[in-house]
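In this text, residue positions in the sequence shown follow my numbering: the first is 14, and each later residue adds one.
Virtual Cβ for every residue (Gly too), placed ideally from N, Cα, C.
Bear in mind the structure is a predicted one, so any value in this text is a computation, not a measurement.
Taking it in order: structure first as structure tokens, then the write-up.
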Amino acid sequence: MTNVFKTFTEKLKKIDSDMKNKAVVAIKIGTKRKLTPGEIAMSRLVFKDSIDYAKVWIHLGGLVHTKTGNAMTPAGEIYISAKDYEQNPDFSVSRPNLKHWFIHEMTHVWQYQMGVSTGWLGIKQLCNGGYTSTVNSADSGDELKAYDTDLMGRDINKKFQDFNFEQQGRIIEFYFDGTFLKNEEPHRKHLKISKSLQGKVLNILKDFLINPKNKLMLPKG
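The structure is reproduced here in structure tokens:
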């Protein structure tokens, strides 16, 4: 069993190393931009001054998840598809679904800057089928396993730090949408879910919202 674990760990380290090398190449050859003043202001609504916003870059492509098309934020910098990059020079003026998506990725920036190896956690989720297995999520319907939550059932007694790093991003999404985007395209499914879960989400996030610099809020997985 020890040898199996050692081999598995060595493989994960190699994947992690390859991922970092690809990130360096992407930075050299890809297009990137800093956050806009509007994106920083929008992020401050959630993360306050717990993020050094000057260190955050948004990259075109590079590490975007090829299966789902989702963004990736492995080391405190956001990688998005060419389409999303070109059509959203400022996410603070994008449609609401893209605003809460951006805030989800900023959750990973927060996690990384606070000391979590989000790239490593992403690799572990990938190995566990988190990005390839679909489940019927109680909160969001047909959903990838990594993002699945059941805030009114299975997860009702959990604290923010008990959720994995993708679930934390999803909970922040629900909070941001239900709090700050409730008048934008009010018939959206995501907004309806966010509003229905708002009481539970606020309870989960109460300590985080008081002090986003509290490292006890960071995910354990």
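Phe176 has its alpha-carbon roughly 20 Å from the corresponding atom of Ser63.
Note that the C-beta distance between Phe189 and Leu58 is below 9 Å. For Arg183, the enclosing alpha helix (DSSP H) stretches over residues Phe178 to Phe193. Judged by DSSP in its simplified three-state form, Gly154 adopts strand. Rounded to the nearest angstrom, the gap between the Cα atoms of Gly142 and Lys226 is 31 Å. Here Ser207 has Phe187, Asp190 and Gly191 as same chain residues with Cβ atoms under 7 Å from its own Cβ, once five neighbours each way along the sequence are excluded. Judged by DSSP secondary structure, Arg57 falls within the alpha helix (DSSP H) whose first and last residues are Pro50 to Phe60. Secondary structure note for Ile91: its beta strand (DSSP E) is the uninterrupted segment Ile91 to Ile93. In this chain, Leu73 is not harboured by any alpha helix (DSSP H); it is covered by the beta strand (DSSP E) spanning Trp70 to Leu73. For the pair His72 and Ala88, the Cα-to-Cα distance works out to about 12 Å. Looking at the DSSP output, Met127 sits in no beta bridge, so it has no partner there.
Within the DSSP bridge table, the entry for Val148 names Glu156 as partners. In chain order, Gln174 place their CB closer than 7 Å to the CB of Leu229, counting only its own chain and leaving out the 5 sequence neighbours on each side.
Per DSSP, Arg201 has no beta bridge partner at all.
One alpha carbon belongs to Leu157, the other to Asp97, and they sit about 21 Å apart. Residue pairing by DSSP places Lys45 opposite His72 in a beta bridge. In this structure Lys112 is buried. Its beta-carbon is surrounded by 16 or more other beta-carbon atoms within 10 angstroms. Here Val69 is buried: its Cβ has 16 or more other Cβ atoms, across all protein chains shown, within 10 Å. Asn216: member of the alpha helix (DSSP H) spanning Gln211 to Ile223, first to last residue. Around the beta carbon of Arg167, a 10 Å sphere encloses fewer than 16 other beta carbons of the protein chains shown; the residue is thus reported as exposed.
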